[in-house]
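Shown next, in structure tokens, is the structure this report addresses.
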Amino acid sequence: MWRRPHFPGLLLAACLGCSESNRQQPEAPRAQAIRAAAAAVDVHRLYAHVAALNGIHSRWMHYDPGTAATINWLLETLAAQGTPASTDSFTFRRIRDIHTANVVLRIPGQVRPGEHVLVGAHWDTTSYPESWQDSTARAPGAVDNASGVAALLELARVLAERPLERTVEIVFVAAEEVGMFGSRRVRDYWRHETGPDSLVCYINVDMLGYDADLPDANILCDTLSAALAADLLPWAQLTGEGLALDTLLRSTGNPGGSSDHLQFWYYGLPAIWVHEGPGDVSPNANTTADSLPDLCPRFLAAGTRALVGAVMHLAEPVLR
Numbered sequence: 002m003w004r005r006p007h008f009p010g011l012l013l014a015a016c017l018g019c020s021e022s023n024r025q026q027p028e029a030p031r032a033q034a035i036r037a038a039a040a041a042v043d044v045h046r047l048y049a050h051v052a053a054l055n056g057i058h059s060r061w062m063h064y065d066p067g068t069a070a071t072i073n074w075l076l077e078t079l080a081a082q083g084t085p086a087s088t089d090s091f092t093f094r095r096i097r098d099i100h101t102a103n104v105v106l107r108i109p110g111q112v113r114p115g116e117h118v119l120v121g122a123h124w125d126t127t128s129y130p131e132s133w134q135d136s137t138a139r140a141p142g143a144v145d146n147a148s149g150v151a152a153l154l155e156l157a158r159v160l161a162e163r164p165l166e167r168t169v170e171i172v173f174v175a176a177e178e179v180g181m182f183g184s185r186r187v188r189d190y191w192r193h194e195t196g197p198d199s200l201v202c203y204i205n206v207d208m209l210g211y212d213a214d215l216p217d218a219n220i221l222c223d224t225l226s227a228a229l230a231a232d233l234l235p236w237a238q239l240t241g242e243g244l245a246l247d248t249l250l251r252s253t254g255n256p257g258g259s260s261d262h263l264q265f266w267y268y269g270l271p272a273i274w275v276h277e278g279p280g281d282v283s284p285n286a287n288t289t290a291d292s293l294p295d296l297c298p299r300f301l302a303a304g305t306r307a308l309v310g311a312v313m314h315l316a317e318p319v320l321r
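Count the sequence shown with this note's numbering and you get residues 2 to 321, in order.
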């Protein structure tokens, strides 16, 4: 049975602002491969993805036309860029039975395919109180969370062209805004069917498009994931184009926000949250005004490149 690798670094100091000299420094050959991958991220593609999702009237889970359109758009977009995906359909109950799906694609590892780096972003939206009162109300969700979905689409396109040692699984998650039902399903799959020892980490990308002042973002971790977050941080910094990144220690009792990574923390599974920052959250998130004017494409591109660096480090590029 494979055991999770040990990630160097002091467990708590890493998440409380340890000095740069204490962090693992990138090695030249790996750094070159990872930097080249991150450079392939296309800001125009990112913006186009957010605009397309923003153009769907609502992705609220109680608005069936919008959720069906979103799933179809994801499948078509992924196929068109050469990264075909499948759906994992399920039903949950929230006032009524809702039938929906996570959209999943897998990039097989070439050396250690049984070890998985899992990356997720929720595709559903809400507008409060409008969509809760009227399921047909507008819920555009440009920043929350078309930005995260766009980042994962680019991640998939970039990584599919590069050999990796470990498997990367990318999940576009349903039903975060109504109780995290999609991530519960993902979590249970790893707990009961695949086995938790095959999971290196779950990386949750939720809100990575709004920049109020400084180009900064955070990697939120719990105690279990702290050393892992510290280990991947320099690689995210390497590729993040001047994006100020740091780790923040949180817990299920003080999570710093509610999102899909919590479903992994609750059961002792390693997970982190890549986020635009607790002090830099879009004021229009979860409203009818969460639209394209709030999006900062350059910030989203920098965050996506940082994500590529972190994921490639964990998945281990195959160096030729």
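Each residue gets a CB set at the ideal place from its N, CA and C atoms; glycine is no exception.
Here the structure is a predicted model, which means the values were calculated and not measured.
Residue i burial status per 10 Å Cβ neighbour count (16 or more: buried)
{"i": "isoleucine 96", "result": "exposed"}
{"i": "leucine 209", "result": "buried"}
{"i": "serine 22", "result": "Interpretation of serine 22 is limited by its pLDDT of 41, a score under 50 that renders its predicted location unreliable; no figure is taken from the coordinates."}
{"i": "leucine 315", "result": "buried"}
{"i": "serine 87", "result": "exposed"}
{"i": "histidine 63", "result": "buried"}
{"i": "valine 319", "result": "exposed"}
{"i": "alanine 227", "result": "buried"}
{"i": "serine 184", "result": "buried"}
{"i": "glycine 142", "result": "buried"}
{"i": "aspartate 65", "result": "exposed"}
{"i": "histidine 276", "result": "buried"}
{"i": "histidine 7", "result": "Its pLDDT being 39, under 50, histidine 7 is placed unreliably by the model, and the measurement read from it follows with that caveat. Histidine 7 comes out exposed."}
{"i": "aspartate 98", "result": "exposed"}
{"i": "glycine 196", "result": "exposed"}
{"i": "arginine 251", "result": "buried"}
{"i": "alanine 69", "result": "exposed"}
{"i": "proline 216", "result": "buried"}
{"i": "glycine 110", "result": "buried"}
Rounded separation between residue i and residue j - CA only
{"i": "proline 298", "j": "leucine 200", "result": "31 Å"}
{"i": "aspartate 198", "j": "glycine 115", "result": "10 Å"}
{"i": "arginine 188", "j": "valine 44", "result": "31 Å"}
{"i": "histidine 50", "j": "alanine 151", "result": "6 Å"}
{"i": "threonine 71", "j": "leucine 54", "result": "7 Å"}
{"i": "methionine 31", "j": "leucine 225", "result": "First, the amino acid is wrong: residue 31 is arginine here, not methionine. Approximately 26 Å, taken between the alpha carbons."}
{"i": "histidine 36", "j": "valine 309", "result": "Per the sequence presented here, residue 36 reads as arginine, with histidine not at that position. Going by the C-alpha atoms only, they are around 9 Å apart."}
{"i": "cysteine 222", "j": "proline 235", "result": "15 Å"}
{"i": "alanine 140", "j": "valine 179", "result": "13 Å"}
{"i": "isoleucine 220", "j": "serine 283", "result": "17 Å"}
{"i": "alanine 290", "j": "glycine 278", "result": "20 Å"}
{"i": "proline 271", "j": "valine 42", "result": "26 Å"}
{"i": "alanine 231", "j": "threonine 137", "result": "43 Å"}
{"i": "leucine 293", "j": "asparagine 285", "result": "11 Å"}
{"i": "aspartate 214", "j": "threonine 288", "result": "21 Å"}
{"i": "proline 348", "j": "isoleucine 204", "result": "Lying outside 2 to 321, the shown extent of the chain, residue 348 is not represented and no answer is given."}
{"i": "glutamine 82", "j": "glutamate 194", "result": "30 Å"}
{"i": "leucine 76", "j": "aspartate 281", "result": "32 Å"}
{"i": "leucine 119", "j": "alanine 40", "result": "22 Å"}
{"i": "isoleucine 108", "j": "tyrosine 190", "result": "18 Å"}
{"i": "arginine 321", "j": "alanine 311", "result": "20 Å"}
{"i": "alanine 52", "j": "glutamine 33", "result": "32 Å"}
Proximity of residue i and residue j at Cβ, strictly below 7 Å
{"i": "methionine 261", "j": "glycine 121", "result": "Sequence check: residue 261 is aspartate here, not methionine. Yes, the pair counts as a contact, with Cβ atoms nearer than the cut-off."}
{"i": "tryptophan 266", "j": "threonine 248", "result": "no"}
{"i": "arginine 60", "j": "threonine 101", "result": "no"}
{"i": "glycine 241", "j": "arginine 306", "result": "yes"}
{"i": "threonine 78", "j": "leucine 106", "result": "no"}
{"i": "alanine 303", "j": "leucine 239", "result": "no"}
{"i": "asparagine 146", "j": "histidine 117", "result": "no"}
{"i": "leucine 229", "j": "cysteine 202", "result": "yes"}
{"i": "aspartate 295", "j": "tyrosine 211", "result": "yes"}
{"i": "phenylalanine 91", "j": "arginine 186", "result": "yes"}
{"i": "leucine 47", "j": "glutamate 155", "result": "yes"}
{"i": "valine 169", "j": "leucine 160", "result": "yes"}
{"i": "asparagine 103", "j": "alanine 175", "result": "yes"}
{"i": "arginine 113", "j": "arginine 192", "result": "no"}
{"i": "leucine 246", "j": "alanine 218", "result": "yes"}
{"i": "methionine 313", "j": "alanine 38", "result": "yes"}
Extent of the continuous alpha helix (DSSP H) run through residue i
{"i": "glutamate 242", "result": "Careful: glutamate 242 lies outside any alpha helix (DSSP H) and carries neither H nor E."}
{"i": "isoleucine 57", "result": "That residue, isoleucine 57, is in no alpha helix (DSSP H); it is neither H nor E in DSSP."}
{"i": "leucine 160", "result": "148-161"}
{"i": "alanine 39", "result": "29-40"}
{"i": "serine 132", "result": "131-134"}
Element boundaries [beta strand (DSSP E), containing residue i]
{"i": "leucine 221", "result": "217-222"}
Inset, instruction - Report the residue ranges of all beta strand (DSSP E) runs contained in full by the segment 76-123; include only those spanning at least 3 residues, in chain order. - result: Taken in chain order, the complete beta strand (DSSP E) segments of 3 residues or longer contained in the segment 76-123 are 87-95, 97-108, 113-123.
Inset, instruction - Quick one: which unbroken beta strand (DSSP E) runs of 3-plus residues sit fully inside the segment 166-211? Chain order, please. - result: Correct list: 167-174, 200-206.
Inset, instruction - Entirely within the segment 229-298 and at least 3 residues each: give me those beta strand (DSSP E) ranges in chain order. - result: You should have 245-250, 272-276.
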